[in-house]
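Novice:
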RNA sequence: GGCCGAGUACCCAAGUGGACUAAGGGGACGGAUUGCAAAUCCGUUAUUCAUGGGUUCGAAUCCCAUCUCGGCCUCCA
C-alpha cells in the first residue's frame with residue numbers, strides 16, 4: 003500500500019516514494035526538543051504526530067530509521083533581534099535551576115550543578131526521554147539501545163564547523179565585518195522554496211522583526227548566522243572565526259546529513275517539525291544542506307504539524323496553560339489517554355486540547371483495552387469466517403495512507419469493534435479463523451495508535467494516599483456486607499470528593515483516579 | 001500589509017459532486033444490569049453542513065461574495 007502525504011515543499015499531497023531503490027528503507031529526521039526546560043503537551047503533540055507517521059510507514063511495510071535531535075546548544079531569548087540577541091536560554095535555565103535548588107523546588111534527590119550547562123541539558127534531556135517513553139514515542143524508546151538516534155548537537159560541533167568551512171569555500175557563506183559567519187541567501191536561488199519567504203519578500207516584508215542595526219554587517223537581511231564568535235557565551239568552541247557558538251539551524255543539517263544521508267549525498271526521505279519550524283529554521287537548514295551537497299533535495303518530503311491550542315486559547319506562558327506531562331498526570335490523566343488526545347486530531351489542523359476531550363480519550367482507551375482483554379481471553383474460539391476487525395484492517399490502513407486520516411481510522415476501528423459483543427463469551431463458530439486473528443488485527447491497528455501498551459491508569463498516586471483509599475474501600479466493603487447502605491454510600495461519596503471513582507465488579511471493588 | 005488554512009449536531013470529528021438526503025467518539029435521554037450508583041451492554045439523538053448568491057439533472061463537497069476563527073512573515077513544537 004502507498005502512503006499519500008502532504009508535502010510542505012510542494013504544497014500538495016503526494017504519493018510517498020522512498021529514495022531506497024528497493025523501496026523498503028525510509029530515512030526520517032524530526033526536529034526534537036530543546037532541553038533548557040520541561041517539554042509541554044504542545045511539544046509532545048508535534049513529536050507524537052511524527053511518531054504516528056513513522057508507525058504508519060512501519061504498518062505498511064517500511065523499515066524506518068527515525069532520528070530526532072535533542073537540542074542542547076542554547077538559543078537566544080531575545081525575540082526582537084535576530085542573529086544572536088538577548089540571553090542564552092541555557093544560561094536562563096541555569097539561573098532557574100539554581101533558584102529552584104535554593105528554594106527547594108527541585109526534588110532533593112536531584113544532583114545538578116547549576117553552573118554546568120551540560121548538566122542542565124542532561125537533566126532536562128532525561129526528563130524528556132522519560133516523558134516521551136511514557137507517551138509511547140518510539141524513537142525515545144529505541145534511544146535506550148541506540149543513543150545515536152537522538153543525537154546532541156554539542157557532540158557534532160566538529161562537523162558543523164566543517165559545514166561552515168565548506169559553505170565559505172563554495173561561496174555560500176562569508177565572514178562579515180562583525181566577525182560572524184553568515185549564509186549568503188542570494189547565492190542559493192532556491193531560498194524561499196519551502197516557506198514561500200523568498201529573499202525579495204523578506205526585504206519588502208512588513209513583519210517588522212528585522213532590526214536595521216543588526217543588519218548592517220549582512221549582505222542581505224535574510225542572511226542568517228552560521229557561526230557567532232562570542233567568548234563570553236556559556237557554551238563555546240574554538241574555530242578559525244574565533245571562540246563562539248554555532249547558528250541554530252546548523253545542527254539539523256549536519257546531523258540529518260551525517261546520520262541519515264551519508265550514502266545518498268545528504269538526501270533524506272522525510273523531515274518533520276512543528277509549523278513554526280517551517281520558517282526560518284527549515285528554510286535555512288535546507289539552504290545549508292543543499293548548498294553543501296549540491297543535491298536537488300535535502301528532504302524529499304517535509305512534514306509539518308499544526309500547533310496545539312488549550313481550551314480554545316493559544317498556549318502561552320501568561321495564560322498559564324503550558325502543561326507538562328507531569329501536570330497532566332497530576333490532574334489524573336493517564337499517559338494512554340493523553341497520547342490519544344494529542345494524536346486524534348488531523349496533524350494539519352490546529353488541535354484543541356480540552357479536559358473534556360481528555361476524558362473522552364480515557365473512555366475510548368478503556369473500551370479498546372477491554373476489547374483487547376476479551377479477545378485475548380477467547381483467542382481459541384473459532385469464528386465462522388473473517389471477523390469484523392480483520393476485515394476492517396484494510397480500511398484502517400487506507401485511512402492512514404490518506405494523509406494520516408487518523409479520525410477516519412479510529413472510526414473504522416470503532417465500527418468494527420461495535421460488532422463484537424464483549425459482555426459475554428462468544429458462541430463458537432465453525433470456520434478456520436479464531437478470535438486470535440481478531441486480536442492480531444486490533445494489535446496491528448494499535449501499532450499505530452500506540453495506546454494499549456501504555457499506562458492506562460493515572461500514575462503516581464503517592465503510596466500514603468493509596469493506602470487511605472484502600473482502607474476506605476475495605477470499610478465500605480464491610481458496610482455493604484452488613485447491608486448498611488447509608489454508610490457504604492457515604493464512603494463512596496467521600497472517595498468521589500477525593501477524585502476517586504470506584505467500580506464494584508465480581509472480583510471486588512477497584513478504583514481509578516478521575517481526570518480533574 | 002503579504003502569504004496560507006479552517007468554519008459539519010451540546011462537544012470532538014469523518015465525509016471533498018450522486019451508490020447511505022452526513023462515519024466514529026463523548027455527552028444527553030430511554031432500556032438491561034446494580035442494594036443504589038459507577039462501569040458494562042442495547043437503543044435513540046443533524047432533512048442538515050457559517051451566511052448570501054451561482055454552476056449542475058444532482059453540492060456539505062465546485063465557483064463568487066460576506067462574516068468569523070486560526071497560522072506564518074527571523075523566540076516558539
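Numbering (the numbering used here), first residue to last: 3 to 518.
By construction, the Cβ of each residue, glycine as well, lies at the ideal position given by its N, Cα and C atoms.
Owing to the predicted nature of the structure, the values given are computational and were not obtained by experimental measurement.
#1: Since residue 262 and residue 47 should fall inside the 8 Å C-beta cutoff, what is the C-beta to C-beta distance between them, to a whole number of angstroms?
#2: For residue 133, count the other beta carbons within 10 Å of its own beta carbon; 16 or more makes it buried, fewer makes it exposed. Which is it?
#3: Give a yes or no on whether the C-beta atoms belonging to residue 125 and residue 184 are separated by under 8 Å.
#4: Can you tell which of 433, 487, 21, 394 has its C-alpha closest to the C-alpha of residue 298?
#5: Could you tell me if residue 302 is buried or exposed, where buried requires 16 or more neighbouring beta carbons within 10 angstroms of its beta carbon?
#6: Where does residue 499 fall in DSSP's three states?
#7: Thinking C-beta only, is residue 255 closer than 8 Å to residue 218?
#8: What does the alpha-carbon distance come out to for the pair residue 347 and residue 353?
#9: Which of the three DSSP states is assigned to residue 135 in this structure?
#10: Does the beta-carbon of residue 116 have 16 or more other beta-carbons within 10 angstroms, so that it is buried, or is it exposed?
#11: In whole angstroms, what separates the C-alpha of residue 426 from that of residue 509?
#12: Return yes when the Cβ of residue 253 is within less than 8 Å of the Cβ of residue 330, no when it is not.
#13: I'd like to know whether the C-beta atoms of residue 414 and residue 401 end up nearer to each other than 8 Å.
#14: Just to confirm before moving on: does the CB-CB distance between residue 443 and residue 406 stay below 8 Å?
#15: Would residue 64 pass as a contact of residue 26 if the rule is Cβ separation under 8 Å?
#16: Under the DSSP definition of a beta bridge, which residues are partnered with residue 230?
#17: I'd like to check one pair, residue 387 with residue 435: are the Cβ atoms closer than 8 Å?
#18: With C-beta atoms as the reference, is residue 38 less than 8 Å away from residue 100?
#19: Please go through the same chain and pick out, in chain order, the residues whose beta-carbon is closer than 6 Å to the beta-carbon of residue 127, but skip the five residues on each side of it.
#20: Enumerate in chain order the residues of its own chain whose CB-to-CB distance from residue 194 is below 6 Å, with the five nearest sequence positions on each side excluded.
#21: Looking only at C-alpha atoms, which of 477, 11, 393, 92 sits nearest to residue 439?
#22: Assign residue 494 to buried or exposed, taking buried as 16 or more other Cβ atoms, counted over all protein chains shown, within 10 Å of its Cβ.
#23: Is residue 409 helix, strand or coil by DSSP?
#24: Just to confirm my understanding: we take residue 98, look at its own chain, exclude 5 residues before and 5 after, and list those with CB closer than 7 Å. What are they?
#25: Measuring only the C-alpha atoms, how far is residue 408 from residue 130?
#26: Would you list the one or two residues that DSSP bridges to residue 32?
#27: What are the boundary residues of the alpha helix (DSSP H) that includes residue 445?
#28: Run the proximity test for residue 181: is its beta-carbon closer than 7 Å to any non-hydrogen atom belonging to the ligand ADP?
#29: Applying the 10 Å Cβ sphere with the 16-neighbour rule, what's the burial state of residue 224?
#30: The alpha helix (DSSP H) spanning residue 289 covers which residue range?
#31: Does the beta-carbon distance from residue 69 to residue 371 come in below 8 Å?
#32: What whole-angstrom Cβ distance do residue 28 and residue 271 have, given they're in contact under 8 Å?
#33: Determine which residues share a DSSP beta bridge with residue 316 and list them.
#34: Let me make sure I understand the geometry here. Which of 338, 203, 233 has the alpha-carbon closest to that of residue 456?
#35: Is residue 83 helix, strand or coil when you go by DSSP?
#36: If you draw a straight line from the alpha carbon of residue 419 to that of residue 410, how long is it in whole angstroms?
Specialist: With the structure as the only source:
#1: Reading the first chain from its first residue, position 260 is the one you call residue 262. Reading the first chain from its first residue, position 45 is the one you call residue 47. With a Cβ gap of about 24 Å, residue 262 and residue 47 do not count as contacting.
#2: Taking the first residue of the first chain as position 1, residue 133 is located at position 131. That one is buried.
#3: Numbered from its first residue, the first chain carries residue 125 at position 123. Numbered from its first residue, the first chain carries residue 184 at position 182. Going by C-beta atoms, residue 125 is not nearer than 8 Å to residue 184.
#4: To locate residue 298, count along the first chain from 1; it is residue 296. The shortest C-alpha separation from residue 298 is found at 21.
#5: By one-based count along the first chain, residue 302 stands at place 300. With 16 or more other Cβ atoms within 10 Å, it is buried.
#6: Indexing the first chain from 1 puts residue 499 at position 497. Residue 499 falls in the helix class under three-state DSSP.
#7: To locate residue 218, count along the first chain from 1; it is residue 216. To locate residue 255, count along the first chain from 1; it is residue 253. The answer is no: Cβ separation not under 8 Å.
#8: Position 345 of the first chain, counted from the start, is the residue given in the question as residue 347. Position 351 of the first chain, counted from the start, is the residue given in the question as residue 353. Going from the Cα of residue 347 to the Cα of residue 353 covers about 6 Å.
#9: The count along the first chain starts at 1 and reaches residue 135 at position 133. The answer is helix: DSSP assigns residue 135 an H, G or I state.
#10: Reading the first chain from its first residue, position 114 is the one you call residue 116. When all chains shown are included, residue 116 counts as buried.
#11: Within the first chain, residue 426 is the residue found at index 424, counting from 1. Within the first chain, residue 509 is the residue found at index 507, counting from 1. Looking at the two C-alpha atoms, the distance is approximately 16 Å.
#12: Your numbering for residue 330 matches position 328 in the first chain. Your numbering for residue 253 matches position 251 in the first chain. No, these two residues do not count as a Cβ contact at 8 Å.
#13: Along the first chain, one-based indexing puts residue 414 at 412. Along the first chain, one-based indexing puts residue 401 at 399. Yes, the pair counts as a contact, with Cβ atoms nearer than the cut-off.
#14: For the purposes of this step, residue 443 is taken as the residue at position 441 of the first chain. For the purposes of this step, residue 406 is taken as the residue at position 404 of the first chain. No.
#15: Position 62 of the first chain, counted from the first residue, corresponds to residue 64. Position 24 of the first chain, counted from the first residue, corresponds to residue 26. Against a cut-off of 8 Å, the Cβ pair of residue 26 and residue 64 comes out as a contact.
#16: Along the first chain, one-based indexing puts residue 230 at 228. Residue 230 is bridged to 247.
#17: Numbered from its first residue, the first chain carries residue 435 at position 433. Numbered from its first residue, the first chain carries residue 387 at position 385. Against a cut-off of 8 Å, the Cβ pair of residue 387 and residue 435 comes out as a contact.
#18: Within the first chain, the letter at position 36 stands for residue 38. Within the first chain, the letter at position 98 stands for residue 100. Contact: no.
#19: For the purposes of this step, residue 127 is identified with residue 125 of the first chain, where counting begins at 1. These residues qualify, in order along the chain: 37, 72.
#20: Here residue 194 corresponds to residue number 192 of the first chain, with the count starting at 1. 200.
#21: As a working mapping, residue 439 is identified with position 437 in the first chain. The shortest C-alpha separation from residue 439 is found at 393.
#22: Taking the first chain and counting its residues from 1, one reaches residue 494 at position 492. It counts as buried.
#23: Position 407 of the first chain, counted from the first residue, corresponds to residue 409. Three-state DSSP puts residue 409 in a helix.
#24: Sequence index remark: in the first chain, residue 98 carries index 96 (1-based). No residues qualify anywhere along the chain.
#25: As a working note, residue 408 is residue 406 in the first chain. As a working note, residue 130 is residue 128 in the first chain. In a straight line, the C-alpha of residue 408 is about 25 Å away from that of residue 130.
#26: Taking the first residue of the first chain as 1, we reach residue 32 at position 30. In the DSSP output, where bridge partners are listed per residue, residue 32 has 70, 274.
#27: For the purposes of this step, residue 445 is taken as the residue at position 443 of the first chain. It spans 437-451 - the alpha helix (DSSP H) in which residue 445 sits, taken as one unbroken run.
#28: The ligand ADP is not part of this structure, which contains no ligands at all.
#29: Working through the first chain from its first residue, we reach residue 224 at position 222. Result: buried.
#30: Counting from one through the first chain, the residue named residue 289 turns up at place 287. That run of the alpha helix (DSSP H) goes 285-295.
#31: Position 67 of the first chain holds residue 69. Position 369 of the first chain holds residue 371. Going by C-beta atoms, residue 69 is not nearer than 8 Å to residue 371.
#32: Here residue 28 refers to the residue found at position 26 when the first chain is read from its first residue. Here residue 271 refers to the residue found at position 269 when the first chain is read from its first residue. Right, the Cβ-Cβ distance comes to about 5 Å (below 8 Å), so this counts as a contact.
#33: In the first chain, residue 316 corresponds to position 314, counting from 1. Note: residue 316 sits in a beta bridge opposite 311.
#34: Residue numbering aside, residue 456 sits at position 454 when the first chain is read from its first letter. Ranking 338, 203, 233 by Cα distance to residue 456 puts 338 first.
#35: Here residue 83 refers to the residue found at position 81 of the first chain. Note on residue 83: pLDDT 39, under 50, position unreliable in the model; the coordinate value appears next. Residue state, collapsed to three classes: coil.
#36: As a working note, residue 419 is residue 417 in the first chain. As a working note, residue 410 is residue 408 in the first chain. Cα to Cα, the separation comes out at about 14 Å.
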